[in-house]
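**Q**
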Amino acid sequence: MARRAFLGALAGAFLGAAAARAAYAAFTRRPPIGDAETWDRTNHRGEPITLLEGPAFVAGAGAAAAVLPGLPVRVRAAVLTAVAGSGALGAYDDLYGATSSKGFKGHLSALAKGEVTSGAVKILGIGVTGLAAAALTSRGPVDTAVNGALVAGGANLANLFDLRPGRAIKVGLLTGAPLLAAGLWRDAPVPATLAALPIGAAVALLPEDLGERAMLGDAGANALGALLGLAASVALGRPGRLAVLGTVVALTAASEKVSFTRFIAGNPVLNRIDLLGRRPVEQAPGN
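Letter by letter, the sequence shown follows residues -25 to -1, 1 to 262 in mature numbering (1 follows the signal peptide of the UniProt record, and there is no 0).
1. When the Cα atoms are used, what is the spatial distance from Y(-2) to L185?
2. What is the rounded straight-line gap between the Cα of N242 and the Cα of S230?
3. Looking at the strands, I want to know which residues DSSP matches up with R5.
4. Which residues in the same chain have their Cβ closer than 6 Å to the Cβ of V56, if we skip the five residues on either side of it in sequence?
5. Rounded to a whole number of angstroms, what is the C-alpha to C-alpha distance between A124 and R188?
6. May I have the straight-line CA-CA distance separating A34 from L202, to the nearest angstrom?
7. Quick one: what's P23 bridged to in DSSP?
8. How big is the Cα-Cα spacing for T222 and D249?
9. Is A163 helix, strand or coil when you go by DSSP?
10. Quick one: grab the DSSP three-state call for residue 273.
11. Under 6 Å Cβ to Cβ from G105, same chain only, skipping five residues before and after it: list those, please.
12. Please classify F238: is it buried, with 16 or more other beta-carbons within 10 angstroms of its beta-carbon, or exposed?
13. Got a sec, what are the start and stop residues for the alpha helix (DSSP H) T56 sits in?
14. Taking the CB atoms as reference points, tell me whether T112 and V209 lie closer together than 8 Å.
15. Within its chain, find whatever has a CB closer than 7 Å to the CB of L251; leave out the 5 residues flanking it on each side and keep chain order.
16. So, do the segment 171 to 181 and the segment 142 to 157 have three or more beta carbon pairs nearer to each other than 8 Å?
17. Looking at the secondary structure, which residues open and close the alpha helix (DSSP H) in which R213 lies?
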C-alpha cells in the first residue's frame, strides 16, 4: 500500500509548514542575530524587505526534521547537516557578504588572487557540508561524491533563482513535486518524507515571499536547494542522480553567461509561472 509513504509525506509537509510559520513569527519579534534592521534589505523595486524568511525556513525545516517520525538516524542526521550547514553559510553571506565578486567565476578568480570573499567561503563550506550530509546516506566514495555534489549544487542553484518574489520557491516546488510523486508511487516513506519536508516549509512561507514582505535570501534558498538535492540523492538511482546533477551543472554554468531573469521574461510560459501570485509592477504594497 502507498499508505506509509502518504503518511510520511503528510507528516513532513505539515510539520515543515507549521515549524516554518512558527519560526517566522518568532524571528519577526526577535531576530536570531541583531535587530530587525540587521536583516532589512531593498528588493528589486527599491522597496524595503526582510531576509528573516530565510532563517525561518532553516529553523523550521531543521526542527521538523528533528522530530519527524520514521526517519532512520543517519538520514535524520544528514537532513540536519544539510539544512544547518547551508543555512548558516548562507546567512553569513547575507549579513556579511560583499557584492564586488559574483558567481563561481568571480569568487574563485578573487580567491586565486589571494582575496577570500564571503562567497568563496560559502562555496567551499557548502561543498564540505554537502559531502558530510551525503556520507551519511551513501554507499561508497563514488556515491558520496555524486550525492555531495547534488546537495551542494542544489543549494547554489536555488540561490541563483532568488531574484524575484516567489521564484526560488516555485522552482523548488517544481523540482520537489516529481521527487514526492516518485516516493508516493513506490510507497517509499523516507524519500517521500524528505521531498515533502522542504515543500511544506516553502509553501508556508510563500505568501510572505509573493507579498514582497520577505525573501529567502542566501540562507533560505541555499537550505531549500540543499534539502531537495538530498531528497534526490535518496530517491533516485545512480542514472537519475547523474542526470539531475548534469542539469544542475549545466544551469549553473549557463548562469555565468545568461541572465535567468531575462530568459524567463522572454519565454511566455515561464514568465506566466514567474508572475503567478505576484502583485503588478505598478501596485504599491498594501494596495
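Heads up, the beta-carbon is just placed ideally off N, CA and C, and yes, glycines get one too.
**A** Answer, in terms of the structure:
1. To locate residue -2, count along the sequence shown from 1; it is residue 24. To locate residue 185, count along the sequence shown from 1; it is residue 210. Roughly 15 Å between the two C-alpha positions.
2. Counting from one through the sequence shown, the residue named residue 242 turns up at place 267. Counting from one through the sequence shown, the residue named residue 230 turns up at place 255. Looking at the backbone, the Cα of N242 and that of S230 are separated by about 16 Å.
3. As a working note, residue 5 is residue 30 in the sequence shown. Paired residues: none, contrary to the question.
4. In the sequence shown, the residue the question calls residue 56 occupies position 81. Note that residue 56 is Thr in the sequence shown, not Val. Excluding residues within five positions, the ones whose Cβ falls inside 6 Å are A107 and A108.
5. As a working mapping, residue 124 is identified with position 149 in the sequence shown. As a working mapping, residue 188 is identified with position 213 in the sequence shown. Between the C-alpha atoms of A124 and R188 there is a straight-line separation of about 32 Å.
6. Residue mapping note: residue 34 aligns to position 59 of the sequence shown, counting from 1. Residue mapping note: residue 202 aligns to position 227 of the sequence shown, counting from 1. So the alpha carbons of these two residues sit roughly 13 Å apart.
7. In the sequence shown, counting from the first residue as 1, residue 23 sits at position 48. According to DSSP, P23 shares a beta bridge with T17.
8. Residue 222 sits at position 247 when you count from the first residue of the sequence shown. Residue 249 sits at position 274 when you count from the first residue of the sequence shown. In this structure, the CA atom of T222 is about 20 Å from the CA atom of D249.
9. For this step, residue 163 is matched to residue 188 along the sequence shown. Reduced to three states, the DSSP call for A163 is coil.
10. In the structure as shown, the chain starts at -25 and stops at 262, and residue 273 therefore has no counterpart that could be examined.
11. Translated into the one-based positions of the sequence shown, residue 105 becomes position 130. Apart from the 5 residues on each side of it in sequence, G105 sits with its Cβ closer than 6 Å to the Cβ of G123, V126 and A127 in its chain, given in chain order.
12. Taking the sequence shown and counting its residues from 1, one reaches residue 238 at position 263. It counts as exposed.
13. Along the sequence shown, one-based indexing puts residue 56 at 81. Run containing T56: V48 to Y71, per the alpha helix (DSSP H) assignment.
14. Locating residue 112 in the sequence shown gives position 137, counting from the first residue. Locating residue 209 in the sequence shown gives position 234, counting from the first residue. Yes; because the gap between Cβ atoms is below 8 Å, this pair is in contact.
15. What you label residue 251 is simply residue 276 of the sequence shown in a count that begins at 1. Result list for L251: empty, nothing under 7 Å.
16. The segment 142 to 157 and the segment 171 to 181 touch, with three or more beta-carbon pairs separated by less than 8 Å.
17. Mapped onto the sequence shown, residue 213 falls at position 238. Unbroken alpha helix (DSSP H) run through R213: R213 to S230.
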